[in-house]
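Asker: First residue of the sequence shown: 1, per the UniProt record's numbering; consecutive thereafter.
Backbone N, C-alpha and C fix where the C-beta goes; we use that ideal spot for every residue, glycine too.
Below is a structure I'd like to ask you about.
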Amino acid sequence: MTMNPSRARIVAQGEDSGGPVVYWMSRDQRSRDNWALIHARELAGSNRALVVAFCLVPSYPGATLRHYDFMLKGLEQTAHDLREMNIPFALLMGDPAQELPALCEQIGAGLLVTDFDPLRIKGQWLKAVASRVDIPLLQVDAHNVVPAWVTSDKQEYAARTIRPKIHRLLPEYLEDFPELEPCAKSLELPGPDWTTARALLRVDEGVGPVALPSGESHGLHGLVTFLDERLLRYAEASNDPNADAVSKLSAYLHFGQLSAQRVALETARRARDENAENFLEQLVVRRELSDNFCLYNPQYETLAAAPEWAIKTLDDHRDDPRPYLYTLEQFERAETHSDLWNAAQMQMVSTGFMHGYMRMFWAKKILEWSISPEQAFMTALTLNDRYQLDGRDPNGYVGVLWSMAGIHDRPWKERPVYGKVRYMNENGCRRKFDVGAYIAKYG
Ligand SMILES: Cc1cc2nc3c(=O)[nH]c(=O)nc-3n(C[C@H](O)[C@H](O)[C@H](O)COP(=O)(O)OP(=O)(O)OC[C@H]3O[C@@H](n4cnc5c(N)ncnc54)[C@H](O)[C@@H]3O)c2cc1C
């Protein structure tokens, strides 16, 4: 079985010298169920060596020790698993635009393959690398079930417009993964030096590691546990933060330690009921809608990415009196008047994960209690990306924009501060779940 060729696209043409194939692993940090790696292995065939290279930048916008620790532990496992397949793992450190071309030159690489990421910084790295290598550079979407550029060639308006496109393509793309065969030919490269890598990090150590175990095997274990124990509650209780009904797989998905396609395949094998349907809607439709948004809307990091009606309504209500006003620092320290909001903030700070329903409430209240929509947006993104283990993800930009600025939503009844942006309040939470129990747990 070979990979469906539409999962790949050519980033740069060049001359294939017949030398080793390099897979520049970036977003999809796993050895299993990884179409970019599978394609690179296919291209290596039986005559060429395959090298997996990861370029560690010592600091990344918004990332803290919490994120780097999780990532490095996962990569260590992946490097080990690749070695068993006779595939060396090169841990490069520094600017990808320098390090990747240097490695390709050093080993006489003939082909360079990488994975897909719609975020700006990754696009800039890709462009810079492409301009400095003279071998073919291919990109494979190993993150989405349906490659983002196949699903749509434009920004989709809402879930209802992307859903039929994805569903029409699922029979073709939601397929089993072929087994990755060990490489016949290998290359001697120095093993990764994880201690030096950690010593070189220039990140905020104030936000420390969390208990969630990192790595591919833990991601798969998390999936099995969810399917065995919690999927059956998903339809009824996924909006209840006390119910333990959601998958908590977002960090594994964000770091690419777990393939969304694997999660979708195993879920569909397990159940075809309302629980599976609702879960797959989030995992596939909503998640791939976020990638679509960041791929086609270059302003995704700003409020200017919002639809016109939302920009106008927020502006119309810019001068409305706010019932409470807090600074970024007060929000960060969970010093608001609301025990429920503070508990959500504390869940995120202490565990690296906030329940999805609380994320909506949390962001909407930041809008309500900030001096301006711009300040609110900056506060929510800063805190989200600093403390959530799954932060700095297309889902994060879209989640905050959905909550504050009507992205993928519609206008609702007009109110102070929010204008026509959908409103949420604590009473709504009280109707949905036991607010006291949540506060007792995290507050
Ligand atoms: C303000 C706000 C900020 C958010 N920030 C992030 C973030 O930084 N990173 C992140 O991955 N998600 C973010 N989300 C989306 C969502 O809340 C989380 O993905 C989800 O809560 C993670 O928990 P889970 O894995 O248990 O989800 P489950 O309910 O088990 O869903 C399974 C998977 O589906 C995807 N998913 C679930 N809900 C959504 C959604 N609303 N939009 C897109 N994909 C979804 C995620 O990949 C998730 O892991 C944010 C949402 C909001 C409202």
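With DSSP run on the structure shown, which of helix, strand or coil describes glycine 399?
Answerer: helix
Asker: Where do the N-terminal and C-terminal ends of the alpha helix (DSSP H) with cysteine 429 fall, by residue?
Answerer: 426-432
Asker: Decide if threonine 78 is buried, meaning its Cβ has at least 16 other Cβ atoms within 10 Å, or exposed.
Answerer: buried
Asker: Specify the secondary structure class of residue 444 as computed by DSSP and reduced to three states.
Answerer: Absent from the model: residue 444. The displayed extent of the chain is 1 to 443, so no value can be given.
Asker: Select from Gln124, Ala148, Val113 the residue whose C-alpha is nearest the C-alpha of tyrosine 296.
Answerer: Ala148
Asker: Compare the C-alpha of alanine 334 against each of Ile366, Pro323, Arg160 and name the closest.
Answerer: Proximity to alanine 334 across Ile366, Pro323, Arg160 peaks at Ile366, based on C-alpha coordinates.
Asker: Just the Cα atoms here: how many angstroms apart are leucine 189 and arginine 120?
Answerer: 31 Å
Asker: So, does the segment 134-143 touch the segment 106-121, judging by three or more C-beta pairs under 8 Å?
Answerer: yes
Asker: What is the DSSP secondary structure of methionine 93, counted as helix, strand or coil?
Answerer: strand
Asker: Which residues mark the beginning and the end of the beta strand (DSSP E) in which isoleucine 10 is found?
Answerer: 8-12
Asker: Check for me: the beta strand (DSSP E) holding glutamine 139 runs from which residue to which?
Answerer: Its beta strand (DSSP E) spans residues 137-140.
Asker: Within its chain, find whatever has a CB closer than 7 Å to the CB of lysine 312; leave out the 5 residues flanking it on each side and keep chain order.
Answerer: none
Asker: Among Trp412, Val22, His67, Leu100, which residue has its Cα nearest to the Cα of tryptophan 309?
Answerer: Trp412
Asker: Using 10 angstroms around the beta-carbon of glutamate 236, count the other beta-carbons present and answer buried if the total reaches 16, otherwise exposed.
Answerer: It counts as exposed.
Asker: At what residue ranges does the segment 326-412 contain a whole run of the alpha helix (DSSP H), taking only runs of 4 or more?
Answerer: 328-332, 339-351, 356-368, 373-387, 394-405
Asker: Among Phe361, Asp69, Val57, Leu381, which one has its Cα closest to the Cα of glycine 206?
Answerer: Looking at Phe361, Asp69, Val57, Leu381, the one whose alpha-carbon comes closest to that of glycine 206 is Asp69.
Asker: Among Phe433, Leu401, Cys429, Ala437, whose alpha-carbon lies nearest the alpha-carbon of valine 421?
Answerer: When only C-alpha atoms are compared, the closest one is Leu401.
Asker: For ligand 1, is there any heavy atom lying closer than 7 Å to the beta carbon of lysine 122?
Answerer: no
Asker: Could you check if serine 247 is buried or exposed, using at least 16 other CB atoms within 10 Å of its CB as the buried criterion?
Answerer: buried
Asker: Do you know whose CA, among Pro171, Ala109, Ala97, lies nearest leucine 43's CA?
Answerer: Ala109
Asker: Compare the C-alpha of glycine 356 against each of Asn4, Lys73, Leu72, Pro241 and name the closest.
Answerer: Pro241
Asker: Return yes when at least one heavy atom of ligand 1 lies under 7 Å from the C-beta of aspartate 390, else no.
Answerer: yes
Asker: With a threshold of 8 Å, are at least 3 pairs of Cβ atoms found where one atom belongs to the segment 284-303 and the other to the segment 154-174?
Answerer: Yes: the two stretches touch, three or more of their Cβ pairs being nearer than 8 Å.
Asker: Hey, out of Val398, Ala306, Gly219, Met358, whose CA is closest to asparagine 239's CA?
Answerer: Met358
Asker: Quick one: residues in its chain with C-beta nearer than 6 Å to the C-beta of aspartate 339, no 5 flanking neighbours on either side, listed in chain order?
Answerer: Cβ neighbours of aspartate 339 beyond the five flanking positions: Ile439, Gly443.
Asker: Is asparagine 242 near ligand 1 - that is, is its Cβ less than 7 Å away from at least one heavy atom of it?
Answerer: no
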